[in-house]
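*Asks:*
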Amino acid sequence: MQNPIILKAVLCSAVLASTVAPTLATAGVEPFGESFDGWKFTQENVGQSILCRAVHNNQYVLGKQTNRRVHISFPNNTFNGTDTQASLAVGNDSEIITASGNGTRLILSNIPEAVFDTIGPERGFTWRAASKGNVQQGIVKLNDSTTSAIERLDECLDANSSKATATAVSSSQDWRKGAVGREVACSLKVKGKTYLNGTCRYDADKDGSFRLFGDKYFVYLTMLDKGFAGAAWNASPDSSHAQALLGEDFKRKGGCWIGKSAEICAWNKTEVKKPQTPSSTTPTRIKFAKGAISATVTGKLAGFESQQSYVIAVGKGQTMTVEQLNPANQRTTLGITAPNGADVSDMDLSCNNSKKVSPTIAGDYTIRVSECMKADAWKGGYKLKVTVK
């Protein structure tokens, strides 16, 4: 067994969210190549290098940079710690590395590239990390295409080897000029201070991730999993890169994404810039006919912040299923809140048309129906079937 090499490295979570402004799009175009077998690929200019990512099933991220740094990121909602000692085992190789987690994802950094590359033929790895007495370990299994995915990362590095230089810009730069997308009303607050409050260019991906460009600032929000998103912004009008991490704890509420350190909002330009939340309207109570176990309700949505809420009494030990009966529109998101205010629906950021929960406490449960915020605001009707048995 080889002697482990202690790698002293500082993990920069912003590597996962750092992105390039529209004027540098030629150095950081996303995606990089076609997706295959559950893998998709992106590239981003993160200041002094290009970051190439291979993402498996929207959960596991393998990252390489043109400065030869590598990292791995995957969902983990219990590990909290920064720059803690961890180990990575791939086949017969075992290395001491660095781990950081914020309660949503675990990030392993500065893995020797030679060990990183063997993840392909081994189709996975084993990890172990500890923070404040909390020791965790696990096995990550990927698929037979992992070697090809890592080869695509190397192709991305080769293609960008001459494009990794950051470009300085003038503070007079209006980031809306040249940005793709459509014009929306927007707001960005960071640690209580407002940086955007007006109009922005809004450009969204199919998975719900989006980029918001204002006059002096811009912010990128990237969908992760379990209803969470990560975000980063340029932090200074003179910076052309979203190198400042805002966190990976953002969750959607109406037309806004809210995290511990920031609030990012986008609305239709013609509509009032106020997110509609379940507490701002009176939910419609769903009642079953005598002897029935299900009922249907209908409603309409009218834009990004449009949301309708319903309330229904559910007993402990029962099962509630909520289904949209006209799923062809693929533009609604469902969420369910327990009587104590906790989200019990494992709400994600993409469009979804059904939810099933098994309440552990009795009382009134709130069902939220909202537009899932694709690139274009959607207006239309829906029909829900709610079953409790």
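Here the sequence shown stands for residues -27 to -1, 1 to 362, numbered as in mature numbering (1 follows the signal peptide of the UniProt record, and there is no 0). For every residue, glycine included, the Cβ atom is placed at its ideal position computed from N, Cα and C. All values derive from a computational prediction rather than experimental measurement.
1) Candidates Ala102, Leu307, Ile92 and Gly111: which alpha carbon is nearest Gly227's?
2) So, helix, strand or coil for Thr39, using DSSP?
3) If you drop the 5 nearest sequence neighbours on each side, which residues of the same chain put their C-beta closer than 8 Å to that of Asn50?
4) Give the straight-line distance between the Cα atoms of Glu236 and Thr55, rounded to the nearest whole angstrom.
5) Should the region 177 to 188 be called in touch with the region 108 to 125, which here means at least 3 C-beta pairs below 8 Å?
6) For Gly171 versus Thr271, is the C-beta spacing smaller than 8 Å?
7) Of all the options Gly290, Phe5 and Lys260, which has the alpha carbon lying nearest to the alpha carbon of Asp127?
8) For Val157, which option in Ser8, Gln146 and Leu169 has the closest C-alpha, if you only look at C-alpha atoms?
9) For Lys362, count neighbouring C-beta atoms within 10 Å of its own C-beta (all shown protein chains included) and say buried if the count is 16 or more, exposed if not.
10) Inspect the CB distances between the region 61 to 76 and the region 23 to 30 and report whether three or more fall short of 8 Å.
11) Does DSSP put Arg125 in a helix, in a strand, or in coil?
12) Could you give the DSSP three-state label for Gly200: helix, strand or coil?
13) Do Ala152 and Asp180 come within 8 Å of each other at the CB atom, strictly closer than that value?
14) Label Ile266 either buried or exposed according to how many other C-beta atoms from any shown protein chain fall within 10 Å of its C-beta, with 16 as the threshold for buried.
15) Identify whether Thr333 lies in helix, strand or coil by the three-state DSSP scheme.
*Replies:* To lay it out plainly:
1) If you number the sequence shown from 1, residue 227 lands on position 254. Considering only alpha carbons, the answer is Leu307.
2) Start at 1 with the first residue of the sequence shown, and residue 39 comes out as number 66. Three-state DSSP puts Thr39 in coil, outside helix and strand.
3) Here residue 50 is taken as the residue at index 77 of the sequence shown, counted from 1. Excluding positions up to five away in sequence, the list reads Gly76, Thr77 and Lys199.
4) By 1-based counting over the sequence shown, the position of residue 236 is 263. By 1-based counting over the sequence shown, the position of residue 55 is 82. Those two C-alpha atoms are separated by around 24 Å.
5) no
6) In the sequence shown, residue 171 corresponds to position 198, counting from 1. In the sequence shown, residue 271 corresponds to position 298, counting from 1. No.
7) In the sequence shown, residue 127 corresponds to position 154, counting from 1. Among Gly290, Phe5 and Lys260, the Cα nearest to that of Asp127 belongs to Phe5.
8) Within the sequence shown, residue 157 is the residue found at index 184, counting from 1. The candidate whose alpha carbon is nearest that of Val157 is Leu169.
9) Counting from 1 along the sequence shown, the entry for residue 362 is found at position 389. By the 10 Å Cβ count, Lys362 comes out exposed.
10) no
11) Numbered from its first residue, the sequence shown carries residue 125 at position 152. The answer is helix: DSSP assigns Arg125 an H, G or I state.
12) Position 227 of the sequence shown, counting from 1, holds the residue named residue 200. Gly200: coil per DSSP, three-state reduction.
13) Counting from 1 along the sequence shown, the entry for residue 180 is found at position 207. Counting from 1 along the sequence shown, the entry for residue 152 is found at position 179. Not closer than 8 Å, so no.
14) The residue given as residue 266 occupies position 293 in the sequence shown. Per the 10 Å Cβ criterion, exposed.
15) On the sequence shown, residue 333 is found 360 positions in, with the first residue counted as 1. Coil, per DSSP.
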